[in-house]
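Everything below concerns the one structure shown next.
2 protein chains.
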Amino acid sequence: MSKKTTIYDIAKALDITAATVSRALNNNPKISDTTRELVLQKAAEMNYEQNKLAQALKSGKSYNVGVIVPRVDSNFFGSVIRGIEEELNPQGYHVIICQSYEDPKTEGKKIDTLLNAQVDGVLVSTTSNSKKEPLKRILAKNIPLIFFDRRKDMQGVSSVVINDFEGAYKATKHLIDEGCTKIAHLSGNFSLEIFRERFSGYKQAIIDAGLPFNEDWVIKTKSNRTDGIEATKTLLQLNPRPDAIFSASDFAALGAIQEIRAQKLNIPQDISVVGFSNEPFTKFMELPISTIDQSPFEMGKMAAKVFLEQSNNESHVKMEKKVVLDPQLIIRNSSLKTQVLTP
Amino acid sequence: MSKKTTIYDIAKALDITAATVSRALNNNPKISDTTRELVLQKAAEMNYEQNKLAQALKSGKSYNVGVIVPRVDSNFFGSVIRGIEEELNPQGYHVIICQSYEDPKTEGKKIDTLLNAQVDGVLVSTTSNSKKEPLKRILAKNIPLIFFDRRKDMQGVSSVVINDFEGAYKATKHLIDEGCTKIAHLSGNFSLEIFRERFSGYKQAIIDAGLPFNEDWVIKTKSNRTDGIEATKTLLQLNPRPDAIFSASDFAALGAIQEIRAQKLNIPQDISVVGFSNEPFTKFMELPISTIDQSPFEMGKMAAKVFLEQSNNESHVKMEKKVVLDPQLIIRNSSLKTQVLTP
DNA sequence: CTGTTAGCGCATTCAC
DNA sequence: GTGAATGCGCTAACAG
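The listed protein sequences derive, respectively, from chains F and W.
The first sequence maps to residues 0 to 342 in numbering that gives the first Met the number 0.
The second sequence maps to residues 0 to 342 in numbering that gives the first Met the number 0.
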């Protein structure tokens with residue numbers, strides 16, 4: 000392996016100084032076209048490649064941003080990350096991925112190692128009970144911190160989320176429009192704002208429609224199939240029995256559907272179901288599931304854009320920007336009584 | 000914001016020299032326990048945090064590894080990345096994610112920027128026609144290069160893949176065991192080794208069973224639903240009609256199933272279907288799809304382990320390690336004629 | 001326009 | 001054991 004060539008090597012070869020080489024390479028105006036050409040040519044010839052590390056140390060800018068998500072192997076976060084990467088890479092930034100595994104302690108650790116690594120920004124989707132201290136350490140260093148999807152109430156931190164209230168409202172309203180009057184709700188962990196909001200949207204839609212709100216019809220579940228099944232078992236024993244289920248998660252909705260069918264009830268005739276997240280499988284089912292799309296890809300791009308803005312903002316005034324994306328209701332056969340969709 | 004504290008700051012505070020501080024912080028044996036304690040305490044007190052960038056520049060080790068995948072928003076690659084991250088993070092490495100979008104040119108660019116960023120290793124799942132030059136540039140720098148899932152034939156490069164031949168063979172054999180004799184194959188892009196291997200495995204299983212191999216029953220498709228539908232339309236017009244379809248992709252298998260049902264044929268009675276990849280949706284379908292699991296998580300962990308080995312290998316002997324994971328056949332109702340599975 | 005000097009923060013010689 | 005000096009590779013300030 001040939002040792003890597005530095006600007007000194009090419010300076011020596013051209014009998015000029017390293018500073019000049021640097022200038023040529025960085026399109027510094029204070030340099031003659033001829034020497035610039037010379038340097039560029041020689042650089043190419045010698046297979047010169049800039050050591051970003053040295054540049055980073057010197058400039059204090061690493062061109063790395065850290066992204067912390069609970070997990071990367073989920074459709075939602077995968078898509079968000081794709082959006083982030085797609086937006087940041089053309090700007091010369093690299094994306095460092097970290098997983099918190101929903102654990103606040105791990106999250107804190109990852110934040111610290113990212114900080115050590117001198118990242119230029121941190122984008123995070125928080126865990127259900129993130130500690131603020133590590134997050135504050137980011138701010139203390141004047142490094143842009145952006146929340147996406149799951150935020151925490153912190154001054155000076157921008158966030159990109161969807162309007163979970165609105166999404167839930169739309170879903171519930173849709174069920175009401177389809178003639179449902181006894182709408183149950185599979186809710187999530189209330190320590191996460193997103194689930195509180197979805198619950199509120201659900202409740203508000205019911206109240207706005209003049210329907211009675213029934214505590215018994217709200218069941219907390221984890222976002223998985225088995226919890227959806229269990230909760231639905233409970234719901235189906237109720238009297239009167241709900242005629243619709245709005246689930247705050249697609250996976251729980253899937254469980255609901257399976258349980259409903261196991262009990263030989265018809266969807267959507269007997270019970271309509273709407274999920275949340277637009278997981279890929281909801282579209283592929285034989286009975287496609289109505290759901291709320293969170294546009295994760297756009298969320299990622301938007302989070303990246305907000306970071307870039309913040310990053311380029313020279314002034315030391317902390318700006319706090321809240322971007323709220325509009326969720327989209329996707330109506331499929333699991334909730335469509337009034338007409339049949341053509342696939 | 001207080002300026003970040005360096006080893007000089009803490010040296011000054013203790014009236015010793017930076018070198019000593021560095022030694023204390025790095026558990027260098029040549030230092031007295033007392034001063035070490037003193038330094039550690041002061042460091043904590045002053046909120047000292049090591050600047051990995053400076054360390055990286057000095058040591059030549061960035062503790063960053065680059066991972067290049069066609070896309071990050073797929074279950075398979077998401078899981079692989081999770082495995083990689085899970086294995087590498089405890090060792091102090093950060094994972095930088097790049098997407099090639101299946102484009103060899105983009106792939107080359109990402110490789111170069113990763114190289115500039117001084118990554119300590121590159122793990123890549125190649126595109127269908129990756130150029131070797133950028134990949135060689137990695138090797139030329141003596142940086143470990145590991146292929147996973149999609150490899151390229153290159154000397155001195157380790158790889159972690161599954162045995163695609165075996166997977167396809169198992170799937171086809173299973174269909175034969177179930178009594179199918181006219182087995183069609185939805186194949187993928189032959190410029191990717193994985194699809195060539197799957198085809199070979201399919202063909203071999205048929206030959207080994209003494210069944211006739213029929214060219215017409217092999218159709219090239221992209222890994223998506225619509226291509227699966229189109230190909231299946233063609234297959235169903237054939238005479239004799241195939242009684243099974245082994246698809247090299249779950250998405251194409253899904254399309255096949257939808258088309259078969261659209262034509263009022265029964266699965267698996269009339270036609271059995273087996274996919275490939277164990278995408279999450281295959282399990283959730285009302286008619287769960289038999290498929291081949293590629294254990295992406297293990298693949299990621301293994302790729303990371305191979306990197307670590309290679310990285311710690313002091314000798315300049317290039318080692319080439321090939322890890323081949325065993326694919327697992329997952330039998331579900333789309334191909335199970337002989338008995339009914341309890342879910 | 002170009003050369004000189006200095007420093008980003010750290011770890012590693014070499015002395016003592 | 002500890003201090004002094006040096007360099008990783010690059011860029012910026014200041015001269016000229």
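Beta carbons are placed, not taken as given, at the ideal position from N, Cα and C, and that holds for glycine.
- Query: When the Cα atoms are used, what is the spatial distance from residue 287(W) to residue 330(W)?
  - Reply: For the purposes of this step, residue 287(W) is identified with residue 288 of the second sequence, where counting begins at 1. For the purposes of this step, residue 330(W) is identified with residue 331 of the second sequence, where counting begins at 1. Their Cα atoms are separated by approximately 9 Å.
- Message: So residue 81(W) contacts chain F; which residues on that side make the cut at Cβ distance below 8 Å?
- Response: The residue given as residue 81(W) occupies position 82 in the second sequence. Chain F residues near residue 81(W): 70, 71, 72, 98.
- Between 224(W), 85(W), 182(W), which lies nearest to residue 269(W) when the distance is taken from Cα to Cα? Position 270 of the second sequence holds residue 269(W). Taking only the C-alpha atoms, the option nearest residue 269(W) is 182(W).
- Message: Against chain W, with Cβ distances strictly below 7 Å, would residue 309(F) count as a contact?
- Response: Taking the first sequence and counting its residues from 1, the one referred to as residue 309(F) is at position 310. Chain W contact via Cβ: absent.
- Consult DSSP for residue 63(W) and reduce its assignment to one of helix, strand or coil. The residue you call residue 63(W) lines up with position 64 of the second sequence. Strand.
- Task: Please list, in chain order, all residues of the same chain as residue 125(W) whose beta carbon is under 6 Å from its beta carbon, the five residues on each side excluded.
- Result: To locate residue 125(W), count along the second sequence from 1; it is residue 126. Answer for residue 125(W): 149, 151, listed in chain order.
- Query: In three-state terms, what does DSSP make of residue 243(F)?
  - Reply: Residue 243(F) sits at position 244 when you count from the first residue of the first sequence. Correct three-state label for residue 243(F): strand.
- Message: Run through the DSSP bridge pairs and tell me what residue 144(W) is partnered with.
- Response: On the second sequence, residue 144(W) is found 145 positions in, with the first residue counted as 1. Partner(s): 121(W).
- Have a look at residue 296(F) and residue 281(F) and give me their C-alpha separation to the nearest angstrom. Along the first sequence, read from residue 1 onward, the residue named residue 296(F) stands at position 297. Along the first sequence, read from residue 1 onward, the residue named residue 281(F) stands at position 282. Distance between the alpha carbons of residue 296(F) and residue 281(F) is about 18 Å.
- Of the listed residues 246(F), 257(F), 18(F), nearest to residue 193(F) (C-alpha basis): Here residue 193(F) corresponds to residue number 194 of the first sequence, with the count starting at 1. Selected option, being the one with the closest Cα: 246(F).
- Message: Only counting the same chain, and skipping five residues up and downstream in sequence, which positions put a Cβ closer than 8 Å to that of residue 90(F)?
- Response: The residue labelled residue 90(F) in the question sits at position 91 within the first sequence. Taken in chain order, the residues that qualify are 307.
- Look at the alpha carbon of residue 230(F) and the alpha carbon of residue 271(F), and state the distance between them as a whole number of angstroms. For the purposes of this step, residue 230(F) is taken as residue 231 along the first sequence, with counting starting at 1. For the purposes of this step, residue 271(F) is taken as residue 272 along the first sequence, with counting starting at 1. Distance between the alpha carbons of residue 230(F) and residue 271(F) is about 15 Å.
- Task: Just confirm the distance between the C-beta atoms of residue 173(F) and residue 328(F), as a whole number of angstroms; I'd bet it's less than 8 Å.
- Result: Taking the first residue of the first sequence as 1, we reach residue 173(F) at position 174. Taking the first residue of the first sequence as 1, we reach residue 328(F) at position 329. Correct: roughly 6 Å between the Cβ atoms.
- Query: So what's residue 204(F) in DSSP terms, helix, strand or just coil?
  - Reply: In the first sequence, the residue the question calls residue 204(F) occupies position 205. DSSP places residue 204(F) in helix when its eight states are reduced to three.
- Message: Which same chain residues end up closer than 7 Å to residue 207(W) when comparing Cβ atoms and leaving out the 5 residues on each side of it in sequence?
- Response: As a position in the second sequence, residue 207(W) is number 208, starting the count at 1. So no residue of the chain qualifies.
- Measuring CB to CB, does residue 157(W) end up less than 7 Å from residue 320(W)? Walking along the second sequence from the start, residue 157(W) turns up at place 158. Walking along the second sequence from the start, residue 320(W) turns up at place 321. Yes, the pair counts as a contact, with Cβ atoms nearer than the cut-off.
- For residue 318(W), does the count of other Cβ atoms within 10 angstroms reach 16, so buried, or fall short, so exposed? As a working mapping, residue 318(W) is identified with position 319 in the second sequence. Exposed, by the Cβ-count rule.
- Could you name the residues of the same chain whose beta carbon sits closer than 8 Å to that of residue 215(W), not counting the 5 residues immediately before and after it, in chain order? Locating residue 215(W) in the second sequence gives position 216, where the first residue counts as 1. Cβ neighbours of residue 215(W) beyond the five flanking positions: 237.
- Message: Could you tell me the alpha carbon to alpha carbon distance between residue 12(F) and residue 51(W), rounded to whole angstroms?
- Response: Here the question's residue 12(F) lines up with position 13 in the first sequence. Here the question's residue 51(W) lines up with position 52 in the second sequence. In a straight line, the C-alpha of residue 12(F) is about 32 Å away from that of residue 51(W).
- How is the beta strand (DSSP E) around residue 160(F) delimited, first residue to last? Within the first sequence, residue 160(F) is the residue found at index 161, counting from 1. Looking at the DSSP string, the run of the beta strand (DSSP E) that includes residue 160(F) is 157 to 161.
- Item | Which of helix, strand or coil DSSP assigns to residue 14(F) | Stepping through the first sequence from its first residue, residue 14(F) is reached at position 15. Residue state, collapsed to three classes: coil.
- Message: Whole angstroms are fine: how far does the CA of residue 76(W) sit from the CA of residue 88(F)?
- Response: Numbered from 1 along the first sequence, position 89 holds the residue referred to as residue 88(F). Numbered from 1 along the second sequence, position 77 holds the residue referred to as residue 76(W). Whole-angstrom Cα-Cα distance: 19 Å.
- Taking residue 136(W) as the reference, give the member of 106(W), 186(W), 213(W), 163(W) with the closest Cα. As a first step, residue 136(W) must be located in the second sequence, where it is residue number 137. Comparing Cα positions, the closest option is 106(W).
- Query: If we ignore side chains and look at the alpha-carbon of each, how far apart do residue 29(F) and residue 159(W) end up?
  - Reply: The residue you call residue 29(F) lines up with position 30 of the first sequence. The residue you call residue 159(W) lines up with position 160 of the second sequence. Computed Cα separation, rounded: 50 Å.
- Check the Cβ of residue 51(W) against every Cβ in chain F and list those closer than 7 Å, keeping chain order. Start at 1 with the first residue of the second sequence, and residue 51(W) comes out as number 52. Result: 115, 116, 117.
- Count the CB pairs spanning the segment 33 to 42 of chain F and the segment 62 to 82 of chain F that are closer than 8 Å, and state whether there are at least three. no
- Item | Beta-carbon proximity list for residue 117(F), same chain, < 6 Å, skipping 5 on both sides | Taking the first residue of the first sequence as 1, we reach residue 117(F) at position 118. Within the same chain, residue 117(F) has close Cβ partners 61.
- Task: Can you grab the Cα-Cα spacing for the pair residue 120(W) / residue 311(W), in whole Å?
- Result: As a first step, residue 120(W) must be located in the second sequence, where it is residue number 121. As a first step, residue 311(W) must be located in the second sequence, where it is residue number 312. About 11 Å.
- Query: Taking the Cβ atom as the reference point for each residue, do residue 132(W) and residue 285(F) lie within a distance shorter than 7 Å?
  - Reply: Indexing the second sequence from 1 puts residue 132(W) at position 133. Indexing the first sequence from 1 puts residue 285(F) at position 286. No, they are not a contact pair.
- Query: Any beta-carbon of chain W closer than 7 Å to the one on residue 95(F)?
  - Reply: Locating residue 95(F) in the first sequence gives position 96, counting from the first residue. By this cut-off, residue 95(F) is an interface position.
- Inter-residue spacing [alpha-carbon to alpha-carbon] between residue 227(F) and residue 99(F): To locate residue 227(F), count along the first sequence from 1; it is residue 228. To locate residue 99(F), count along the first sequence from 1; it is residue 100. Using only the alpha carbons, I get a separation of about 25 Å.
- By DSSP, does residue 261(W) sit in helix, in strand, or in coil? Within the second sequence, residue 261(W) is the residue found at index 262, counting from 1. Reduced to three states, the DSSP call for residue 261(W) is helix.
- Task: Compute the Euclidean distance between the alpha carbons of residue 264(W) and residue 96(F), then round it to the nearest angstrom.
- Result: Within the second sequence, the letter at position 265 stands for residue 264(W). Within the first sequence, the letter at position 97 stands for residue 96(F). C-alpha separation (whole angstroms): 46 Å.
- Message: Can you look up residue 233(W) in the DSSP assignment and give me helix, strand or coil?
- Response: Position 234 of the second sequence, counted from the first residue, corresponds to residue 233(W). Three-state DSSP puts residue 233(W) in a helix.
- Have a look at residue 58(F) and residue 16(F) and give me their C-alpha separation to the nearest angstrom. As a working mapping, residue 58(F) is identified with position 59 in the first sequence. As a working mapping, residue 16(F) is identified with position 17 in the first sequence. Straight-line Cα distance between these residues: approximately 20 Å.
- Message: According to DSSP, is residue 289(W) part of a helix, a strand, or is it coil?
- Response: Sequence index remark: in the second sequence, residue 289(W) carries index 290 (1-based). Strand, per DSSP.
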